[in-house]
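Read the structure below first, then the notes.
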Amino acid sequence: MGDLIRRRGLASGVVVGATLLFLFVPLAVVVLFSFHSSGGLTFPFEGFSVRWYEEVFADETFSEALVNSLLLGLITSAVTVIAGTAAAYGVARSDSRIRGGLRLLFLAPVLLPGLLIGAALLTFFARFQFDRSLLTVLIGHVVFAFPFVFLLVQTALERLDLTIEDVARDLGAGPWMVFKRVTLPQIAPVLAGAAALAFMLSFDEFLITFFVIGNEQTLPVYIFGRLGRTVDPGINVASTLLLAGTALVWVVAAVATLRAARNDRAADRMEVEV
Amino acid sequence: MNDDLKPGGLRIQGVNHSFGPQPVLRGIDLDVSDGEFVTFLGPSGCGKTTLLRVIAGFLEPTAGSVQIAGREMTNVPPHRRPVNMVFQRPTLFPHLNVHDNVAFGLRVDGTGRLEIDELVGWALDLVRMPEYEQRRASELSGGQMQRVALARALVKRPRVLLLDEPLSALDLKIRLEMEVELRRVHRETGATWLYVTHDQREALALSDRIAVFDRGRIDQLDDPTTIYRRPATPYAAGFVGNANVIPCEVEGGARGCTARIADVQVAVDPETAPGPAWLILRPESLTIGTGEPASSSLTASIRDVAYRGTAFSYLLEAAGLEQMIKAEVADGPGHPLEIGASVQVSWNEDSAILLPREG
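Residue numbers (the working numbering), protein chains in the order written: chain L, 2 to 275; chain R, 9 to 367.
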């Protein structure tokens, strides 16, 4: 019996190990070769150098792409968090009969392939002679990231104890005050997480961007374009930076989520002790 | 000045409410004077909490009106009503500490910092929690949370305080402590308190007046002693305190009035109108003995007995009666009597209550 458990433990250990290996070894190789001293992208590794970083940062197109991606990420994040929270609050606090329908409608873009969103937006912009630019990319990213934010915030709102909002109203808080002083502080960690997620989704979005972008570049588009021209560790540098940006935001989101979970546990304790 | 125009005066007229087709409140009329402690007592689903929420403004009545201090409250939202409420579960704001919880109602009113600190201190003193000001809500016990919730409502110094079963979530021991505290705080604030409970013991202990609710109506509205001694209906008799409600026929005769229970005649108040009636007997007003039948007694046999510390609870079966008779007899010599023994259950005529019964 104990033997079986041990053998099972070993088997699952092997599976987990292999999975992590396949997930992270390619990433590690990409990061490693971004520091390669020569132009080769295959082993043997000949030595460390930051020359490709210097090369990439000297490239103005790259700097522009990086700034564009950061800006798009921040604005997408801000827009989707505000719009997503408003939509989620409306749906969570509504007792209308179309509530369920609205919820599905807000979530629908999740089900659409990026390819379809990209193509649809492209057709739409062309039909109304809307010139492709960073603005059209922003619209694409907002459409893409919105349902994720909506889902996160709506779930958080549904979990809140509505009696607490009644308490606030009873103590003299009008609807806006209740939202600002009671609802918002309780979902703040979730909003931080949602903002980080929206940033990440935008920062490394390629498919939709590729359809609706004009002459400018974003980081993923830059990497794709560079792949078509040359194969050198510069690609690895750009990819490493993309990875670092995403990972940083991911850590922020994870911390925020942990804080939210801790608050939830505190609230649960309050329930239990009653 | 008319009493219901005073700051804590309340006038409820013809209030109806229904959830869908189901009527929950049916024509509630109630006047409450300034400073009074009125309890809404009834089983769950009788409409008592609904009426409280109508007064607080969370529900609009489908008919009727609520006036507070002479002001019509229809269409006044909860945050603009001069009432505050303590909710059933201790619902503190989880993101705020005790001080900020209590200060909440003052902050949204735009009260100055110094005044807030002073009032929060006063309110926490009032509920005997001054040393907990900086604690997080999650660090308090259920009883402590409910004290803070009380302070949070009191800090706004409402002339009308609504309490929705504030003790029902607490342990018995804490509940008894809190009853004493609530009486003291009510005396010290002098405000009108409307208190919802399903616990008749709590209602008797706390209230100036009790409104006994039955399916959306007020069945009886009186002070606790009157409700207990002179219940107006079999329902009120059964809900407030324990009662034996026994069907009988009152008959006028040469020797005054008698009531026929099954085949036994017992003497009753000579003023009683003849006809079908309910004879209501409190278990503790009964005595059990092995002597001769008296003018108001029934012959019965003991079916069960339980020790209650200060008294014995007997269940007795009388010939011709469908229900068991409950009797509480003080611990003393001769008790407990054996199960199966044949005894006389007797009572003082004055302690029997007769209510008319429909055919």
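Beta carbons are placed, not taken as given, at the ideal position from N, Cα and C, and that holds for glycine. Note that this is a predicted model, so its numbers are computed, not measured.
> If contact means a Cβ-Cβ distance below 8 angstroms, which residues of the stretch 157-169 of chain L contact chain R?
Replying inline: Asp162, Thr164, Ile165, Asp167, Val168, Ala169
Alpha carbon of lysine 334 of chain R to alpha carbon of glutamine 96 of chain R, nearest angstrom:
33 angstroms
*asked:* So arginine 160 of chain R contacts chain L; which residues on that side make the cut at Cβ distance below 9 angstroms?
replied: Val168, Leu172
**Study point:** Closer than 8 angstroms to chain L by CB, arginine 155 of chain R
**Key:** no
- Using a Cβ cut-off of 7 angstroms, which residues of the stretch 53-71 of chain R contact any Cβ in chain L, in chain order? Ala64, Phe66
Specify the secondary structure class of leucine 104 of chain R as computed by DSSP and reduced to three states. coil
*Using the rule of at least 16 other Cβ atoms within 10 Å of the residue's Cβ for burial, across every protein chain shown, is phenylalanine 44 of chain L buried or exposed?*
exposed
Strictly below 9 angstroms CB to CB, what residues from chain L border valine 74 of chain R? The premise fails here: valine 74 of chain R is roughly 15 angstroms from chain L at the closest Cβ pair, so nothing lies under 9 angstroms.
- prompt: Under 8 angstroms between C-beta atoms, does phenylalanine 101 of chain R make it to chain L?
  reply: yes
Check: Skipping 5 residues on each side, what residues in its chain have a beta carbon closer than 6 angstroms to that of valine 74 of chain R?
Finding: By the criterion of a C-beta distance shorter than 6 angstroms, valine 74 of chain R is surrounded in its chain by Ile20, Ile63, Met81, once the five residues flanking it on both sides are discounted.
To the nearest angstrom, how far is the alpha carbon of valine 273 of chain L from that of alanine 275 of chain R? Note that valine 273 of chain L has pLDDT 45, beneath the 50 cutoff, so the model's placement of it is unreliable and the number below is only indicative. Spanning the two alpha carbons is a distance of roughly 55 angstroms.
| task | Starting from the C-beta of glutamate 300 of chain R, find all residues in its chain whose C-beta is less than 8 angstroms away, skip the five residues before and the five after it, and write them out in chain order. | result | Gln352
Q. What in chain L is Cβ-close to phenylalanine 112 of chain R, meaning under 9 angstroms?
A. Neighbours of phenylalanine 112 of chain R in chain L, taken as residues at a C-beta separation under 9 angstroms, are given in chain order as Val168, Ala169, Leu172, Gly173, Ala174, Arg182, Val183.
Taking CB distances under 8 angstroms as the criterion, tell me whether glutamine 130 of chain L reaches chain R.
Interface residue (Cβ-Cβ distance to chain R less than 8 angstroms): glutamine 130 of chain L is not classified as such.
Practice problem: Pick out the complete beta strand (DSSP E) segments inside the stretch 232-284 of chain R, 3 residues or longer, and give them in chain order. | Solution: 252-261, 264-269, 272-275
**Study point:** Residue environment, glutamine 155 of chain L, which counts as buried when at least 16 other CB atoms sit within 10 Å
**Key:** Buried, by the Cβ-count rule.
Going by the CB atoms, is the gap between alanine 267 of chain R and leucine 362 of chain R shorter than 8 angstroms? yes
key: Neighbourhood of leucine 212 of chain R by C-beta, 6 angstroms cutoff - its chain only, sequence neighbours within 5 removed   = Cβ neighbours of leucine 212 of chain R beyond the five flanking positions: Pro232.
Quiz item: Quick one: does histidine 87 of chain R have its CB under 8 angstroms from some CB of chain L?
Solution: yes
Span separating the alpha-carbon of phenylalanine 101 of chain R from that of alanine 93 of chain L: Answer to the nearest angstrom: the Cα atoms are 19 angstroms apart.
| field | Inter-residue CB distance, leucine 134 of chain R and leucine 170 of chain R (contact presumed, cutoff 8 angstroms) | value | With 8 angstroms as the limit, leucine 134 of chain R and leucine 170 of chain R do not qualify as a contact, their Cβ atoms being about 17 angstroms apart.
*So with Cβ pairs under 8 angstroms, would you call aspartate 117 of chain R a contact of chain L?*
yes
Is the Cβ-Cβ distance between valine 222 of chain L and glycine 119 of chain L less than 8 angstroms?
-> no
Spell out a yes or no on whether the stretch 167-185 of chain R and the stretch 107-125 of chain R are touching, meaning 3 or more CB-CB pairs, one atom from each, closer than 8 angstroms. A contact is defined here as three or more CB-CB pairs under 8 angstroms, and the stretch 167-185 of chain R fails this definition with respect to the stretch 107-125 of chain R.
Discussion item. If distances are taken between C-alpha atoms only, which option among R/Ser176, R/Thr295, R/Glu336 comes closest to proline 98 of chain R?
Written reply: Comparing Cα-Cα distances from proline 98 of chain R to each of R/Ser176, R/Thr295, R/Glu336, the minimum goes to R/Ser176.
message = What ranges does the alpha helix (DSSP H) occupy inside the stretch 135-192 of chain R, keeping only unbroken runs of at least 4 residues that lie completely in it?
response = 150-162
Test: methionine 93 of chain R CB closer than 8 angstroms to a CB of chain L: yes
Pull up the DSSP beta-bridge partners for glutamate 336 of chain R, would you. R/Ser321
Fill in: Contact residues within the stretch 163-194 of chain R, judged by C-beta distance below 7 angstroms to chain L
Lys164, Ala177
- Item | Check whether serine 70 of chain L and leucine 202 of chain L have beta carbons under 8 angstroms apart | no
message: Check whether chain R comes within 8 angstroms of methionine 201 of chain L, counting only Cβ atoms and requiring the distance to be less than that.
response: The Cβ of methionine 201 of chain L sits no closer than 8 angstroms to any Cβ of chain R.
Selected residue, minimal CA-CA separation from phenylalanine 368 of chain R, among R/Leu162, R/Ala199, R/Gly224: This structure cannot speak to residue 368 of chain R, because chain R is shown only from 9 to 367.
Chain-ordered chain R contacts of glutamine 187 of chain L [CB-CB under 9 angstroms]:
Phe101, Pro102, His103
Problem set entry | Close Cβ partners of histidine 87 of chain R (< 7 angstroms) along its chain, the five nearest in sequence each way excluded | none
In the structure shown, what three-state DSSP assignment does alanine 157 of chain L receive?
Correct three-state label for alanine 157 of chain L: helix.
- Message: When you compare the stretch 283-293 of chain R with the stretch 239-257 of chain R, are there three or more beta-carbon pairs, one atom per stretch, that lie closer than 8 angstroms?
- Response: yes
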